[in-house]
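The sequence shown: position 211 = 205 (my numbering), numbered continuously.
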Amino acid sequence: MRECAFYLVSTPLHLFLSSAIALQNKDQDNILIFIDQAEVENNFYAQQIELWENSPFQQLHIFPGRIKGLLEKRRSRKNIFKQLAQLVEEFQPTDIHIGNDRRIEFQYCMHRSQQYGRAKGHYIDEGTYTYIGREQSQSFQDAVVDNWVKKLVYGLWWKNPITIGGSDWISSIYVAFPKLIHPLLKQKEVVGIDPEWLESQSLNEFSKQLLTAKDMDADTVSAVDVLIALPHESIIAKNETYKSSILNLITQLKKANKNVAVKYHPRDKETDALGLQEAGCQLIPSQVNFEALLLIFPKNRTIIGDFSSVLLNARWLRPDLKVIAALENKESISPLFFSLYSSLEIEMVNVEDIHTLKNL
């Protein structure tokens, strides 16, 4: 039997990173497992994986999440466990990858795999938590109450992570910036993800495929000079100067003959709440994932966003880009965030001062 690796994925970021890692391990059977999905029957990314001609995955499975109602949730979880147990028995994976080792699906797969030989657990960089840690994981609520509730409900196999990626199930961690990882993760085997892994022709084709499916083409993206990734509409609503500041910046950029594209948050209810298309911006469909854009974005351009993994990914995947964090108040951010972004040479500016930016 060939060695087999499971990749448990819940976000587009981890789909891309899992694909990049799987492409480096073609000597294994790679099984892609979507977890915690709001849509199962018509899942966009699952459909696109099926259409991906050079996919590194031999099989695809998908499981729901975000179930409402206690009884429905328990019934769904029981069914998911049953199907995962069958997959573990069938493939007997030697490696299981996850972007958040708090996920019960991952821990259950690790638990079930022990009877077939000890599978290794691998954490794939989640973004922010990898570098600043998850302080809540060591709180009394998480470390004691939640930990023992899960052990009682699921079994003693549940292992509470001291931070994301830090559970006893994890042997190695795949990370973008090995030198900057949180101290609690340094006890693990650290594997730096090579940006060249995401520059493969196969992943480039997949990125273009995703854009085409959302009625975009690579030529449209290649004409962009400045890409603005907006935060969730609830954050914008709290800042009275956000809209005017962004519009002032766009006005200046258009006067300088810059092509500006804007990507709203994927969970926003409105398509163009700030009316930026009327201001001369190209709207990137919110459901187009950022990683697909980054892989074909032209060189030496500018990305503007808020404090999120979006900017970390931009700095890591595309070191040639100018990356700017537009903040409500840069003086109030935590020292950990400030240190991380400074180390990565991500420029920080208050939203109200964003129009003062030069050389974009």
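Each residue gets a CB set at the ideal place from its N, CA and C atoms; glycine is no exception.
C-alpha gap between residue i and residue j, whole angstroms
i           : j           : result
residue 110 : residue 39  : 31 Å
residue 283 : residue 327 : 27 Å
residue 125 : residue 168 : 12 Å
residue 89  : residue 180 : 20 Å
residue 221 : residue 259 : 13 Å
residue 116 : residue 237 : 42 Å
residue 205 : residue 151 : 41 Å
residue 62  : residue 353 : 49 Å
residue 244 : residue 318 : 15 Å
residue 414 : residue 78  : The chain is shown only over -5 to 354; residue 414 falls outside these bounds and no answer can be derived.
residue 257 : residue 278 : 5 Å
residue 16  : residue 87  : 14 Å
residue 230 : residue 266 : 13 Å
residue 286 : residue 203 : 9 Å
residue 332 : residue 305 : 13 Å
residue 53  : residue 209 : 27 Å
residue 45  : residue 347 : 45 Å
residue 233 : residue 321 : 10 Å
residue 21  : residue -3  : 8 Å
residue 340 : residue 330 : 14 Å
residue 67  : residue 102 : 16 Å
residue 215 : residue 263 : 24 Å
residue 292 : residue 8   : 23 Å
residue 235 : residue 338 : 27 Å
residue 60  : residue 185 : 32 Å
residue 13  : residue 33  : 21 Å
residue 130 : residue 94  : 14 Å
residue 351 : residue 207 : 34 Å
Residue environment, residue i, which counts as buried when at least 16 other CB atoms sit within 10 Å
i           : result
residue 106 : buried
residue 142 : exposed
residue 223 : buried
residue 403 : For the chain, the structure presents residues -5 to 354; residue 403 sits outside this window and is missing.
residue 50  : buried
residue 323 : exposed
residue 249 : exposed
residue 177 : exposed
residue 120 : buried
residue 261 : exposed
residue 82  : buried
residue 228 : exposed
residue 104 : buried
residue 358 : A question about residue 358 goes unanswered here, because the residues of the chain that appear run from -5 up to 354.
Whole-Å CB distance - residue i paired with residue j, under 8 Å assumed
i           : j           : result
residue 310 : residue 134 : The pair is not a contact, with the Cβ atoms about 34 Å apart (cut-off 8 Å).
residue 182 : residue 166 : 6 Å
residue 48  : residue 199 : 7 Å
residue 381 : residue 37  : The requested residue 381 is not part of the displayed model; the chain covers only -5 to 354.
residue 253 : residue 308 : The Cβ separation is near 18 Å, so there is no contact.
residue 29  : residue 4   : 5 Å
residue 290 : residue 196 : About 14 Å separates the two Cβ atoms, so there is no contact after all.
residue 148 : residue 98  : 7 Å
residue 163 : residue 153 : 6 Å
residue 2   : residue 27  : 5 Å
Sub-7 Å separation of residue i and residue j beta-carbons
i           : j           : result
residue 225 : residue 300 : yes
residue 92  : residue 100 : yes
residue 345 : residue 280 : no
residue 31  : residue 58  : yes
residue 122 : residue 303 : yes
residue 128 : residue 175 : no
residue 118 : residue 192 : no
residue 251 : residue 349 : no
residue 155 : residue 112 : no
residue 377 : residue 219 : Since the displayed the chain opens at -5 and closes at 354, residue 377 lies outside it and no answer follows.
residue 270 : residue 297 : no
residue 357 : residue 334 : This structure cannot speak to residue 357, because the chain is shown only from -5 to 354.
Per DSSP, the bridge partner or partners of residue i
i           : result
residue 58  : 31
residue 303 : In DSSP, residue 303 forms no bridge with anything.
residue 63  : For residue 63, which the question treats as bridged, DSSP gives no partner whatsoever.
residue 53  : 25
residue 1   : 26 and 91
residue 254 : 220
residue 116 : 91 and 166
residue 183 : 166
residue 320 : 343
residue 146 : Its beta-bridge partners do not exist; DSSP assigns none.
residue 265 : Note: residue 265 sits in no beta bridge, so no partner.
residue 296 : 220 and 316
residue 278 : 257
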